[in-house]
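There are 2 protein chains.
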Amino acid sequence: MTRTARAPLSRERILDAAVAIADAEGLAAVTMRGVAQQLDCEAMSLYYHVKDKAQLVTGLVEVIIDEVIATTLDNPPGGPQAGDWRDVVRARCLGARHVMLRHPWAPPLVANADQVPPNTYRVFEALVATMIEAGFSYDLAHRAIHAIGSMILGFTQELFDPNVDTDELSDDELAALAGAFPHLGAIAASQPHDAAQSLSVCDTQAEFEFTLGLVLDGLDALRPAV
Amino acid sequence: MTRTARAPLSRERILDAAVAIADAEGLAAVTMRGVAQQLDCEAMSLYYHVKDKAQLVTGLVEVIIDEVIATTLDNPPGGPQAGDWRDVVRARCLGARHVMLRHPWAPPLVANADQVPPNTYRVFEALVATMIEAGFSYDLAHRAIHAIGSMILGFTQELFDPNVDTDELSDDELAALAGAFPHLGAIAASQPHDAAQSLSVCDTQAEFEFTLGLVLDGLDALRPAV
DNA sequence: CAGGCCGATCTTACAACGTACGATCTGCCT
DNA sequence: AGGCAGATCGTACGTTGTAAGATCGGCCTG
Numbered sequence: 262m263t264r265t266a267r268a269p270l271s272r273e274r275i276l277d278a279a280v281a282i283a284d285a286e287g288l289a290a291v292t293m294r295g296v297a298q299q300l301d302c303e304a305m306s307l308y309y310h311v312k313d314k315a316q317l318v319t320g321l322v323e324v325i326i327d328e329v330i331a332t333t334l335d336n337p338p339g340g341p342q343a344g345d346w347r348d349v350v351r352a353r354c355l356g357a358r359h360v361m362l363r364h365p366w367a368p369p370l371v372a373n374a375d376q377v378p379p380n381t382y383r384v385f386e387a388l389v390a391t392m393i394e395a396g397f398s399y400d401l402a403h404r405a406i407h408a409i410g411s412m413i414l415g416f417t418q419e420l421f422d423p424n425v426d427t428d429e430l431s432d433d434e435l436a437a438l439a440g441a442f443p444h445l446g447a448i449a450a451s452q453p454h455d456a457a458q459s460l461s462v463c464d465t466q467a468e469f470e471f472t473l474g475l476v477l478d479g480l481d482a483l484r485p486a487v
Numbered sequence: 262m263t264r265t266a267r268a269p270l271s272r273e274r275i276l277d278a279a280v281a282i283a284d285a286e287g288l289a290a291v292t293m294r295g296v297a298q299q300l301d302c303e304a305m306s307l308y309y310h311v312k313d314k315a316q317l318v319t320g321l322v323e324v325i326i327d328e329v330i331a332t333t334l335d336n337p338p339g340g341p342q343a344g345d346w347r348d349v350v351r352a353r354c355l356g357a358r359h360v361m362l363r364h365p366w367a368p369p370l371v372a373n374a375d376q377v378p379p380n381t382y383r384v385f386e387a388l389v390a391t392m393i394e395a396g397f398s399y400d401l402a403h404r405a406i407h408a409i410g411s412m413i414l415g416f417t418q419e420l421f422d423p424n425v426d427t428d429e430l431s432d433d434e435l436a437a438l439a440g441a442f443p444h445l446g447a448i449a450a451s452q453p454h455d456a457a458q459s460l461s462v463c464d465t466q467a468e469f470e471f472t473l474g475l476v477l478d479g480l481d482a483l484r485p486a487v
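Keeping their order, the protein sequence lines are chains A and B. Under this note's numbering, think of the first position of the first sequence as 262, with each following residue one higher. Under this note's numbering, think of the first position of the second sequence as 262, with each following residue one higher.
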C-alpha cells in the first residue's frame with residue numbers, strides 16, 4: 262500500500278496547474294496553497310521552483326504568450342504566411358484573440374504585466390518583420406504595433422453589464438436608465454446577444470474583425486508603395 | 262486640549278482618500294486600514310458607507326469617470342463642441358487620456374471592472390449621440406465605441422521594459438537580445454525616450470494621437486454622407 | 001431635565017493569504 | 001557506511017478583508 266509517487270515538481274508543472282486553476286475558477290483563485298494542493302504538495306515547495314507569487318503570475322503570461330506563438334508563428338493554421346501583409350497580420354491577430362478567448366483572465370494580465378516575459382518580443386518582432394517587408398517605416402510599424410496590441414488586449418470590456426440590468430435594478434430604474442440613454446438603448450436593442458464564444462456581450466467576433474480591418478486598412482493606406 | 266473633531270465620514274470622503282492613496286503609492290496600497298488611517302478612523306468604520314472592498318474599487322472607477330465627464334462634457338476646454346465630428350470625439354478622447362495620465366492605475370481598473378458604474382453610460386451616450394448626428398448608423402457607432410474604448414484603455418503596455426534592460430540582464434544577454442530581435446532593436450534605437458508625461462516609454466502623446474486619427478479617419482470613410 | 005432611540009463608529013476576533021526560516025527527506029557519489 | 005546536495009516540508013509571523021457585537025453621541029420625546 263505504498264503511496265503512488267508523485268511526479269517531481271517543476272516550474273512548468275506549476276505554471277500548468279496555475280493556468281488550469283485560473284481557467285476553471287478565475288485568476289483570484291490562483292493561490293500558492295491552491296496550486297500546491299492541485300499538485301499534491303505543500304505551498305512552500307513551490308518556492309524552490311518559483312521565486313514568489315509575482316513571478317508565478319509573470320509565468321502565467323509567459324505560458325499564454327507561448328500559446329500565441331505556437332498557434333500563430335510556429336504552426337499557423339493555414340500553412341506559412343503569404344500574400345498581402347494585412348492577411349498575415351490579420352490571421353495572427355485572430356489567432357491571438359482565440360487564445361485570449363480560451364483564457365479570459367489573461368488580457369488584463371498581459372496588458373498590465375510589470376515584467377514583460379522575453380517571449381513577448383518574438384511576437385512583436387515577427388509582426389514588425391512582416392510590416393517592414395511590406396514597405397513600412399520603423400516608425401509606422403511601431404505605431405501599428407501599439408494600435409494592434411491595444412486592440413487585442415483592450416477588447417474585453419463589458420459595455421452593458423448584464424448583472425446590473427438583471428439583478429440590482431428595479432424595473433422603474435431600468436426604464437429611467439433607458440430614458441436617460443436613448444442611443445445606448447437603441448444599440449442594446451439591436452444586439453443579437455449570442456455571447457457564446459465571446460469575452461463580453463458586445464464583443465463578438467464580427468465586431469473584432471471589423472475594427473481590426475479598420476486599423477489594418479488605415480495603416481495600409483499610409484504605407485509607401487513597394 | 263480637546264481633540265479637534267474630525268469631519269464626518271462619507272462615501273465621497275472615503276473615495277477621495279482612496280484615490281489619493283492610489284495616486285501616491287499605487288493601487289496595491291489601497292487597503293481598508295490604509296484608507297481608514299488617512300481619514301483618522303478605524304477600518305471597520307468604512308463599512309458603514311461602503312459595502313466592501315470590491316465596491317470601494319468600483320467607486321474608484323466612478324470617481325475617474327466623473328473626472329472624465331467633468332473635463333470632456335460638462336465644461337470642455339475649448340467651449341462647446343462644434344464642427345467635424347472627428348474633432349469633437351478627438352477632443353474628448355484626449356481629455357479622457359489626460360485623466361488616465363493623472364491616474365495611471367485607472368485604465369486596467371476601468372477596462373476590467375466587474376461592475377460598470379452608471380456614469381460610464383453618460384460618456385458613451387454622448388459619443389454615440391455625436392456620431393449619430395454625423396450620420397452614423399447605430400451599428401457603426403457601436404463598433405466605433407469599441408474601437409475608441411480599447412484605444413484609450415489599452416494604451417498602457419510597456420513594450421520595452423526598462424527594468425529588464427537595465428537591471429537583471431548582463432551586457433552579453435542584452436547583446437544577444439538585440440541580435441535575436443533586430444527590428445525591435447531598430448525601433449528602440451529610434452525612440453526619443455522622454456517618458457515624462459506618458460504612461461510608458463513608447464506611449465507618447467504623438468503616438469496616441471496618430472492611432473486615434475487612424476481610427477477616426479477610417480470610421481469617417483465608412484460614414485454615409487449627410 | 002431624564003430617558004431612550006438610532007445612526008455612526010469602534011473593538012475584538014478569525015480565516016485566508018504570501019512567505020521567512022530552518023528542519024527534513026531522498027537519491028547519488030565516494 | 002558516510003555524507004553531500006538538491007528537493008520538499010512544518011511552523012510561524014505579518015497583513016489583508018470582514019463578521020459580530022459593543023459603544024458612542026446627538027436628538028426627540030415624555
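Each residue gets a CB set at the ideal place from its N, CA and C atoms; glycine is no exception. Remember, predicted model here, so these are calculated numbers, not experimental data.
{"query": "So is E328/A buried or exposed if we call it buried at 16+ other beta carbons inside 10 Å?", "result": "buried"}
{"query": "In whole angstroms, give me the CA-to-CA distance for R351/A and F385/B.", "result": "28 Å"}
{"query": "Closest Cβ-Cβ distance between F397/A and chain B: below 8 Å?", "result": "no"}
{"query": "What residue does the alpha helix (DSSP H) around N380/A start on, and which one ends it?", "result": "380-394"}
{"query": "What residue does the alpha helix (DSSP H) around K314/A start on, and which one ends it?", "result": "314-330"}
{"query": "According to the neighbour-count rule (16 or more other Cβ atoms, all chains shown, within 10 Å of its Cβ), is P378/B buried or exposed?", "result": "buried"}
{"query": "I need the straight-line Cα distance from I413/A to R267/B, nearest angstrom please.", "result": "48 Å"}
{"query": "Determine the contact status of A283/A and R294/A, defining contact as a CB-CB distance below 8 Å.", "result": "no"}
{"query": "Could you tell me the alpha carbon to alpha carbon distance between G440/A and A395/B, rounded to whole angstroms?", "result": "22 Å"}
{"query": "For a cutoff of 8 Å on Cβ pairs, would you count P423/B as touching chain A?", "result": "Residue placement at P423/B cannot be trusted, given a pLDDT of 43 that sits under 50; the coordinates are not used to answer."}
{"query": "Relative to chain A, which residues along the stretch 360-376 of chain B have a C-beta separation below 9 Å, given in chain order?", "result": "P368, P369, V371, A372, N373, A374, D375, Q376"}
{"query": "Pair every Cβ in the stretch 313-322 of chain A with every Cβ in the stretch 271-280 of chain A, then say whether three or more of these pairs are closer than 8 Å.", "result": "yes"}
{"query": "Taking C-beta to C-beta, are A408/B and L334/B nearer than 8 Å?", "result": "no"}
{"query": "Taking only three categories from DSSP, how would you classify L483/B?", "result": "helix"}
{"query": "Helix, strand or coil for D277/B? Go by DSSP, reduced to three states.", "result": "helix"}
{"query": "T319/A versus chain B: which residues are under 9 Å apart at the beta carbon?", "result": "By Cβ distance, chain B contributes nothing, its closest Cβ being about 11 Å from T319/A, past 9 Å."}
{"query": "Determine whether the beta carbon atoms of F397/A and R272/A lie at a separation below 8 Å.", "result": "no"}
{"query": "Is the distance from the Cβ of D400/A to the Cβ of S451/B below 8 Å?", "result": "yes"}
{"query": "Given that E468/A touches chain B, what residues does it touch there, using C-beta distances under 7 Å?", "result": "R404, H407"}
{"query": "In whole angstroms, give me the CA-to-CA distance for A367/A and N373/A.", "result": "10 Å"}
{"query": "Under a CB-based cut-off of 8 Å, is I448/A close to chain B?", "result": "yes"}
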